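**Student:**
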Amino acid sequence: MDKVVVLGGGAAGMSASSRVRRLNPEAEITVFEETKMVSHAPCGVPYFVEGLFNDENLFMTYTPSFFIEKRKINVKINEKVEEVDLSSRVVKVNENGTRKNVEFDYLVITLGSKPKKVKEEGDRIFYAHHPANAVELRKALWSLNKIAIIGGGILGVEMAEALSNIGKKVILIHRGGYVLNKMLDEDMGKVITSSMDVELRLNESLEEIKEGGRVVITDRGKYEVDGTLIAIGVEPNVDLVKDQVKIGETGAIWVDSHMRTSVRNVYAAGDVAESIHMVTKKPVWMPFAPVANKMGFVAGSNIAGKEMEFPGVVGTMITKYKDYFIAKTGISEAEAKRYGIKVYSAMIKSKTRARYYPGGKDIYVKLIAEEGSNKVVGGQIIGGEEVLGRIDMLAAIIMKGFTVEETFFVEMGYLPAIATVWDPVIIATRQLMKAE
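Now the structure itself:
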């Protein structure tokens, strides 16, 4: 009987363990999760803080008892793994005050990511990351009036929306010249930056936080607030195993296409593992739930004897701010330059509905193609509606290596209530064809 131990009960961990169980009914599967939640959704934290839902159990797709009773997976919540010995094939845990060794035949490392932290600590310095801490975070933030957010990435923008929607005065401090600058090119980034209705402090770098989070000092100013929320990014949570497995150039665990690490019968998946970008062919780290779920599925399949490969990622991501959905897939022009890929691009502004159908919203589409091959390698969309379907289509186009002309001839649906007869993506494609 195979003994499978999974470290971490998030998206990747529970997908891996569920897949092993589906393919191998006899396997002995144990999942160690240091919080009270499994199969959880950190992406929901801003919406919980905003008050869009109140039941913290909704963060979990399935409860621990579901996995224990229905899938016969031995889920151990509130149990922190203290040590891993890969050579002896043992996981050391502290179970109710008693140190215990758990042997494994296969190990799946799905420890996720952790927030990057500032050097200061204080009673008014907060991090929005794990849903297990969301109730405490919401209670603290709701009691404040003026809040500084450090960082204008996806989490910073989402938390700015959440807090401003509940009447908080928000100061968003960001060292970039526009928000979401790691996601969007400047021409698209400025569209969303100009629409934001919170106080923006751009091109400012944090220098110090004083008085427990009540004073923020940057290279350009000093801000007195009631509290400070740190949203400067996340990093792979590899501390437990970094000296025993190969770490990739992204800082996450190196894995092959089967999700195998450098150690035999040890797998890694989700935010803790790096992948390969399908456009650049270079290692990349994409800490997003859909990627984590599929990585876990692949790891579980291979452990249970059904060979499967993870093909890599194209970097599809989507967020929102107030009336706009913001999405990106493939590479940006800035990334293309960094990787030495010569590209050309087109950006258009259109409407989401036929001109005679009421309620049409603005939509901006930017497409990026590689010189020579004319393959579409990147797409960015900002719009009031129908953004997700279009970015998902572009993700498939990029994965399969469509050229600009092949993209032009993709047969898209048309209904005046949700599209224009020349779809905005196709309009952008026509512009690209002119630039070939």
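Quick note, the sequence shown lines up with residues 1 to 436 if you use UniProt numbering.
Even for Gly, the Cβ is constructed at its ideal location relative to N, Cα and C.
The model shown is predicted, which means the values in this text are computed figures rather than measured ones.
(1) Tell me whether the beta-carbon of Glu204 lies closer than 8 Å to the beta-carbon of Arg220.
(2) Would you call the CB atoms of Gly360 and Thr352 closer than 8 Å?
(3) Reducing DSSP to helix, strand and coil, say where Val66 ends up.
(4) Since Ala292 and Tyr267 are thought to touch, with beta carbons under 8 Å apart, how far apart are those beta carbons, to the nearest angstrom?
(5) Quick test of your reading: Ala41 and Pro115, contact by CB under 8 Å. State the CB separation rounded to the nearest angstrom.
(6) Taking all protein chains shown into account, do 16 or more other C-beta atoms lie within 10 angstroms of the C-beta of Thr98, making it buried, or fewer, making it exposed?
(7) Which residues does DSSP pair with Thr193 in a beta bridge?
(8) Provide the residue(s) that pair with Glu83 in DSSP beta bridges, ordered along the chain.
(9) Specify, as a first and last residue, the run of the alpha helix (DSSP H) that Asp392 falls within.
(10) One question on the structure: do Tyr223 and Ile171 come within less than 8 Å of each other, judged by their Cβ atoms?
(11) Asn101 to Cys43, Cα distance in whole Å?
(12) Counting C-beta neighbours from all protein chains within 10 Å, is the total for Met188 16 or more, i.e. buried, or is it exposed?
(13) So for Gly378, helix, strand or coil by DSSP?
(14) According to the Cβ coordinates, are Asp226 and Asn302 closer than 8 Å?
(15) Are Val238 and Ile217 close, meaning C-beta to C-beta below 8 Å?
(16) DSSP beta-bridge partners for Lys351?
(17) At the level of alpha carbons, what is the spacing between Lys169 and Ala162?
(18) Going by other Cβ atoms of all chains shown within 10 Å of its Cβ, with 16 needed for buried, is Asn54 buried or exposed?
(19) Can you tell me which residues form a DSSP beta bridge with Val118?
(20) Which runs of the beta strand (DSSP E) fall wholly inside the segment 133-178 and span at least 3 residues, in chain order?
(21) Report buried or exposed for Tyr356, applying the criterion of at least 16 other Cβ atoms within 10 angstroms of its Cβ.
(22) Cβ of Val179 within 8 Å of Cβ of Met196?
(23) Can you tell me which of Thr429, Lys342 and Glu370 puts its alpha carbon nearest to the alpha carbon of Ser350?
(24) Using a Cβ-based criterion (distance less than 7 Å to any ligand heavy atom), does Phe48 qualify as near the ligand NAP?
(25) Could you name the residues of the same chain whose beta carbon sits closer than 8 Å to that of Leu141, not counting the 5 residues immediately before and after it, in chain order?
(26) Helix, strand or coil: how does DSSP classify Asn237 here?
(27) Over what stretch of residues does the alpha helix (DSSP H) that includes Leu23 continue unbroken?
(28) With a threshold of 7 Å on Cβ separation, who are the neighbours of Val279 within its own chain once the five nearest residues in sequence on each side are excluded?
(29) By alpha-carbon positions, which one of Asp392, Lys190 and His258 ends up nearest to Ile276?
(30) When you compare each of Lys282, Phe409, Ser18 and His174 to Leu200 by their alpha carbons, which one comes out closest?
(31) Identify the continuous alpha helix (DSSP H) that holds Ala435 and give its terminal residues.
(32) Please classify Met278: does DSSP put it in a helix, a strand, or coil?
(33) I'd like the list of long-range same chain contacts for Met60, defined as Cβ closer than 6 Å, with 5 residues on each side in sequence excluded.
(34) According to DSSP, what are the bridge partners of Pro283?
(35) Can you say whether Met183 is buried or exposed, counting buried as having 16 or more other CB atoms within 10 angstroms of its CB?
(36) Under a three-way DSSP split, which group does Val31 fall into?
**Tutor:** The short version:
(1) yes
(2) yes
(3) Val is not the amino acid found at residue 66; the sequence shown has Phe there. Helix at Phe66.
(4) Not quite, the Cβ-Cβ distance comes to about 13 Å (not below 8 Å), so this is no contact.
(5) The pair is not a contact, with the Cβ atoms about 16 Å apart (cut-off 8 Å).
(6) exposed
(7) Paired residues: none, contrary to the question.
(8) Lys92
(9) Leu388 to Met399
(10) yes
(11) 33 Å
(12) buried
(13) strand
(14) no
(15) no
(16) Asp362
(17) 11 Å
(18) exposed
(19) Looking at the DSSP assignment, Val118 forms no beta bridge with any residue, so it has no partner.
(20) 146-150 and 169-174
(21) exposed
(22) yes
(23) Thr429
(24) You won't find the ligand NAP in this model; it holds no ligand whatsoever.
(25) Val49, Phe126, Ile147, Leu163, Lys168, Gly227 and Leu229
(26) coil
(27) Ala11 to Leu23
(28) Val314, Gly330, Ile331, Val377 and Ile398
(29) His258
(30) His174
(31) Pro424 to Ala435
(32) coil
(33) Met37, Ser39 and His40
(34) Ile276
(35) buried
(36) strand
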